[in-house]
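> Structure in C-alpha cells, see below.
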Amino acid sequence: MKISRSSSASTILLLALTASGFVACSTAEEETTEDELGGIEFVSCQDEFHKAPLYPDNGKYAVLPKNALLPNGLDAAALDRMKTENPAKYESIMRGRCTWIQDTAGTERLYRALTIKTEGVFDILLTMDTNPRKYESSKKANKFKTMSRDQRWGAIGVMNEPGCREGDVDQYGLKLDVCPHDPMSAGVVGIRKMRNPNFNAQVWKDKGGLAGYIEDRTIEPPYLIGATCGSCHVSHNPNNPPADPKAPKWENLDAHIGNQYIHEGAFFGINIAEDDLRSQVMLSQQRGTSDTSRIATDHINNPNTINAIFNLGGRATFSEVQNDGSTATVHHVLKDGADSVGIELAMMRVHTNIGMCSEQWLPRHDALLGKKPQAPLSIAEMQANCPEFPGMRKKMADQAAFLSQSKPFKLPAQYLGDPAKIASGAKAFAKACATCHSSIQPEGKGAFDQTTGGWTMTDEQIGQFFLSKVVDASGKPDPKFLENNYLADDVRYPVGYLGTNIARAVATNALGPDDTNPEGHIWAEYSSSTYKNQQHFPQKITIKNPYAGQAGAASSAKDVEHTFRPGTGFYRTPPLTSIWTSAPFLHNNSLGKYNGDPSFNGRLDAFKDAVTQLLFPATRQNVVKLTDRDSKLELTDAAYNIFLPSLHIKKGTPINSFAHTDPRSKVTQAKMGAITVASELDRLDVGDDRTWKMFELGGAPDLVENRGHVFGSEQDPSTYRRLSDVERQDLIEYLKTL
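Numbering (this note's numbering), first residue to last: 1 to 738.
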C-alpha cells in the first residue's frame, strides 16, 4: 500500500528542502510505503531555542517520535496527564529531549576542521556514506573505508535510526541514508546532516567532484555532519530489546541507557592503516567507552564508560571552593568528579567537548596531536563570541529536566532468582557495598580518611545502619531503600584505595598551570579549586608490572613508583542502578566479556561473567592491551623529530608502553635522547629495555586494565566486609534487582 504525504508535515519539510536545493527530487510530492512510516506520529523540535544561528536546517527540520525515547518510567499516558496538569514541566521535558537527541550545537564545524587537519583520515561525512567500496587517493591508497548501513552495527556499534534506508548515489557522488520522517537525519540516531553554507557546486564540479574531494579535503563538500549527545547515549532498550540490533524500531531505543556497544575508537580510527600504532590504540578501545580526552589530548590512553543516567534526583552534592574563592554546592561529574562548578556548566562542557564552539576551543590546544601547551577555555569568551553558547546555555534547564526523569530498568521477574537468596544478598549488599553505593548515608559517618582507609563510623556501624535500610523487619529487601536512590555516594575515592587502573584517575585536562601548560589545562575553568588541590595519599604508590620477572621480559620490566600530582588520583563512585544491563564493568569496561547481545539472555550472560569476576577476583585473567601485529609509528613533525622520529614494535607488545607518553614534557624529551630508535629490523618488544624505558616515562604506567575493586571478597582490606562464597553468590541475585 502507498500513502501520500503531500499534506503532512514531512512533505512540507521535503518541499522546503527541495526548493533550497538540498534534496534532489523531481516531484513536489514524495511517495513512501506505510511500512517506512510504521504509523509513527512525530513531533517537531523547533522552538525559540532551536533556531541554530549558522545552520537553521538542523532545528527547523528535526523531529522525534511522540511516544518513543521518553524517560523510562514516564510513558505516553503519564506524559499526556502531565501535559494537562503541568504543561510547563511537560514542555520543558520535551524541549530537553530535543536538545539531548537532536541538537548538534555546531559540532559539524569541529568535524569539518578535523577532516581538514587529518587530511581525511577522520571524515564523518564519508563514514555516513554507504557505498561498499574503498576510496583511494594518490597520497595514500585505501585512505578511507566505507560500510553499508547493515555493517555499521558490527563495525562501529552506532544505532541505525528507525525509518531510514540506504539512499541512492546523489548528484554529488555520495550515497547517504534517506529518512522520510526527517530529511536532516544522517541515518544514525544523534548524527545529522545539513547544508554546508561554504559549498560551491561549480568549484565541486571543477575540482573533480567526489574524486577531487578525496584528493583534497580542503574542498568544501555539499553537506556537513554533526553529532548530538544522543549519538553516544541512545541505545537499545533493555526491557524491549530489538529482534535485530542493527535494525531497531523506535520502541527498542532508550535515550538514557548509554551506548555500551559503540566502538568509538573504530569510529575515529577505522581509516588508519592497521599496522600503525595509532590504529592499534584506537581499535583496542573497549566497546561502550569514550576517550573524552582524544581531541584535546592529555597524552593518556584512558577511555571510560558511557554511563546510564537514572535517579538523578537522589544524587549527592558537595560544598567546594570555586576558582574565584567562593564556596558553592555542586555535583561531581565525570569519572574523577572534575566537572565541579555546577550542573549547568558541566553539561555545557560536554557539549563543547564534542564540538560546540570549536572556533574558540581549537585555538586553546593542538587537536589530536597535543604538540603545544593547552590554555584554559574561557567561559566568558564563549558567552561573548560563540554563536551557539548563549542559546545552548538557556537549554540546559530543559535538558536537565529531561535527564532527571528517568528511572532504572527493572529485570522482569522471570529472570530473577530465589527470593530467599535475594534476601540474603540484600544483607550482603548492606554489609559490603552500600557504604559507597548508596545516596542514602548515615549521619555521623564522616568523610573518608585516606590515612586510615575508613570513616568516623566503623565498618560494623555503617553496616548495621544499612541493614536497617536495605531489608525490612521481616528480613526481606525493602523497596523503599531503592526509591530515588542513585546507588552511589559520588565521593571521590583515592585510586590507591580502590586498586583499579589509574589511567583515567590521572587525567590532567581539568588541572591548573604546570610546566607543560603554564596557563593551565583546557578545562581548568570547569573544575573547582577543591578538585585541583585535592592530594592523593599516599602521594606515591607502587604499580605492579605484570611482566616483571616473566620469561622473555627484559630485566628492566619492573614495578613502577607513581607520584600523584594535586588534583589527580581519584575516582568517584559509579551508580549501580540497573547494573544487570551494563556489563562489562569498571570505569573502562574491562571487567567481563563483551558479547554485543542486547537481549535479556545476552545482557544476563555478560552480567554473570562480569559480576563473578568482580566478586571473585581470583577468577580474573589480566587484561593488557597488546599489538595484534607488527606495528610502527611515524612521527615526522619537527616538534617530535628532536627525539623520536619513528618506532617499530613487535606483535604482542603492550600498547600502553607507548600510548601514555607526553612528548611535550621536558623530562620526557631529556630522557628520550638516550633511547635509540628501533628500526624495521630492530623492533621493540617486552624483551627490549627501550620498551620499558618508554613505559616508565608515561603519564599512567599501569598495564592491567581490569584490576582492583576487590571489596566484599577475601582480598577486601576490611575483614568485616569480607563475604563468604555463598553470600557473594546471593549478592549476585540481589544486584539483578537493582
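Just so it is clear, CB atoms sit at the ideal spot from N, CA and C, and this is done for glycine as well.
In this text, all values refer to a predicted model and were calculated from it rather than measured experimentally.
Quick check on DSSP: helix, strand or coil for residue 365?
coil
> Closer than 6 Å by C-beta to residue 426: which residues in its own chain qualify, once you throw out the five before and the five after it? Chain order, please.
470, 471, 477, 734
> Ordered along the chain, which non-local residues of its own chain (more than five positions away) have a Cβ less than 6 Å from that of residue 150?
246, listed in sequence order.
> I want to know whether the stretch 270 to 283 touches the stretch 199 to 219 - three or more CB-CB distances under 8 Å.
no
> Mind listing, in chain order, the continuous alpha helix (DSSP H) runs of no fewer than 4 residues lying wholly within the stretch 262 to 288?
264 to 269, 277 to 283
> Which residues in the same chain as residue 45 place their Cβ atom closer than 7 Å to its Cβ, once the five residues preceding and following it in sequence are excluded?
59, 62, 63, 64, 98, 102
> Between the C-alpha atoms of residue 586 and residue 261, what's the straight-line distance to the nearest angstrom?
15 Å
> Let me know the secondary structure DSSP gives residue 721 once reduced to three states.
Coil, per DSSP.
> From residue 207 to residue 223, what does the alpha carbon distance come to, in whole angstroms?
16 Å
> With respect to the beta strand (DSSP E) encompassing residue 321, which residues constitute its N-terminal and C-terminal limits?
318 to 321
> Out of 577, 592, 457, 90, state which residue places its alpha-carbon closest to the alpha-carbon of residue 443.
457
> Alpha carbons only, please: which of 191, 218, 110 is nearest the one belonging to residue 200?
With respect to the C-alpha of residue 200, the residue from 191, 218, 110 having the closest C-alpha is 218.
> To the nearest angstrom, report how far apart residue 182 and residue 106 are at their CA atoms.
19 Å
> Pick out whichever of 160, 277, 232, 508 has its Cα sitting closest to the Cα of residue 628.
277
> Compare the beta carbon distance of residue 518 and residue 704 with 9 Å and say whether it is the shorter of the two.
no
> Is it true that the stretch 576 to 596 meets the stretch 605 to 619, where meeting means three or more beta-carbon pairs spaced less than 8 Å apart?
Enough Cβ pairs lie closer than 8 Å, so yes.
> Do three or more CB pairs link the stretch 182 to 191 to the stretch 285 to 304 at distances below 8 Å?
No: the two stretches stay apart, fewer than three of their Cβ pairs being nearer than 8 Å.
> Mind listing, in chain order, the continuous alpha helix (DSSP H) runs of no fewer than 4 residues lying wholly within the stretch 386 to 417?
389 to 403
> Under the three-state reduction of DSSP, which class applies to residue 734: helix, strand or coil?
helix
> Of the choices 389, 728, 374, 714, whose alpha-carbon is the least far from that of residue 380?
Closest by alpha carbon: 389.
> If you compare alpha carbons, which of 650, 41, 216, 448 is closest to residue 123?
216
> Going by alpha carbons, who is nearest to residue 531 out of 492, 559, 221, 555?
Checking every option, the nearest Cα to that of residue 531 belongs to 492.
> How big is the Cα-Cα spacing for residue 541 and residue 662?
21 Å
> Please report the distance separating the alpha-carbon of residue 148 from that of residue 127.
10 Å
> Could you check whether residue 335 and residue 572 sit closer than 9 Å to each other, using their CB atoms as the reference points?
yes
> May I have the straight-line CA-CA distance separating residue 603 from residue 597, to the nearest angstrom?
6 Å
> Just checking my contact of residue 505 with residue 569 at CB under 8 Å: how many whole Å lie between their CB atoms?
5 Å
> Between the C-alpha atoms of residue 78 and residue 404, what's the straight-line distance to the nearest angstrom?
Straight-line Cα distance between these residues: approximately 16 Å.
> Around the Cβ of residue 325, are there at least 16 other Cβ atoms within 10 angstroms (buried) or fewer (exposed)?
exposed
> Taking the alpha helix (DSSP H) that residue 90 falls in, what are its first and last residues?
87 to 102
> So, do the stretch 294 to 307 and the stretch 687 to 703 have three or more beta carbon pairs nearer to each other than 8 Å?
yes
> Would you tell me roughly how many angstroms separate the C-alpha atoms of residue 732 and residue 600, rounded to the nearest one?
16 Å
> If you follow the alpha helix (DSSP H) that residue 421 is part of, which residue opens it and which one closes it?
419 to 432
> Assuming residue 355 and residue 227 form a contact by the criterion Cβ under 8 Å, report the distance between their Cβ atoms to the nearest whole angstrom.
7 Å
> Please report the residue range of the beta strand (DSSP E) in which residue 329 lies.
327 to 330
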